[in-house]
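Reading through the structure tokens given below for one structure.
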Amino acid sequence: MTVLPVSITATGIYTPRTSIPSAVIDSANAWPQGRSEKLTGVARRGVAAEDESASLMASEAVRAALAADAADTLDRLVVASIMAEQPIPTTATLAARRLGLDGITAYDVNASCLGFLQAVEGAAAAVTLGTSAKAAVAAVDLATLGLDRADPATAPLFGDGAAAAV
């Protein structure tokens, strides 16, 4: 295994303003109270409001990571998500625009659960090859847009939110 000479210097998150407690999922599925939290370890799941888009959540998570890193600039932004905000431009491009980073390399990775790892690998390779000096990777999901809360197999697993690493 090759270890790339890069490191994660900071992380950030964005959680939606609204969340639902596990108790709501338990009630909706006629489960004993506490079951979904016991199964998943998750007490509350984020639920994005209409104005909390994927690009907004991704950019805010990156902004939080940049504040922790005190980075001057980024030259690459990779956004991992299973659900793009729109087909064109990409969610990464929209997030970069929100951050005032027009003109940087920005693209999406859609690899389901492995998306963040794939995005980090690609960003790390770019830094190692010298095609990027400093990159950010954001993982963002709006699972509630397609989630069936009545499906007991998936209802307790997913919520909305974003995380980022520089």
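Residue numbers (this note's numbering): 509 to 674.
Quick reminder that beta carbons are idealized off the backbone N, C-alpha and C, glycines included.
Rank the options by C-alpha distance to the C-alpha of residue i and give the top, closest one.
i      : options                        : result
Thr599 : Leu665, Gly630, Ala670         : Ala670
Thr519 : Leu625, Ala651, Val635, Ala646 : Ala646
Ala673 : Leu625, Arg606, Pro595         : Leu625
Val587 : Leu622, Val555, Asp577         : Leu622
Leu609 : Thr662, Ser515, Ser567, Pro595 : Ser567
Arg525 : Asp580, Ala576, Lys642, Ala556 : Ala556
Leu655 : Glu545, Ala604, Val628, Gly554 : Gly554
Pro595 : Asn618, Gly611, Arg606, Asp580 : Asn618
Ala579 : Pro540, Ile590, Thr652, Ala643 : Ala643
Ser620 : Phe666, Ser515, Leu512, Ile612 : Phe666
Asp616 : Ser535, Ala576, Ala562         : Ala562
Glu560 : Gly611, Leu650, Pro513         : Leu650
Ser589 : Leu653, Gln541, Thr613         : Leu653
Val550 : Glu558, Leu564, Asp534, Met565 : Asp534
Val514 : Pro597, Val532, Val628, Ser527 : Val628
Ala661 : Arg543, Ala576, Asp577         : Arg543
Just to confirm the assignment, what range does the alpha helix (DSSP H) spanning residue i have?
i      : result
Ile533 : 530–536
Thr548 : 543–548
In this structure, what does DSSP give as the bridge partners for residue i?
i      : result
Gly667 : According to DSSP, Gly667 bridges with nothing at all.
Ser527 : Gly554
Ala672 : Gly520, Ala646
What is the residue span of the beta strand (DSSP E) that residue i lies within?
i      : result
Ile694 : Shown here, the chain extends from 509 to 674; a query on residue 694 therefore has no answer.
Ordered list of beta strand (DSSP E) runs contained in the stretch 570–653, each at least 3 residues
Counting whole runs of 3 or more residues, the stretch 570–653 contains the beta strand (DSSP E) stretches 584–588, 613–617, 643–650.
Does the stretch 514–528 come within contact of the stretch 562–578, defined as at least 3 CB pairs closer than 8 Å?
yes
When you compare the stretch 578–596 with the stretch 632–645, are there three or more beta-carbon pairs, one atom per stretch, that lie closer than 8 Å?
The stretch 578–596 is in contact with the stretch 632–645.
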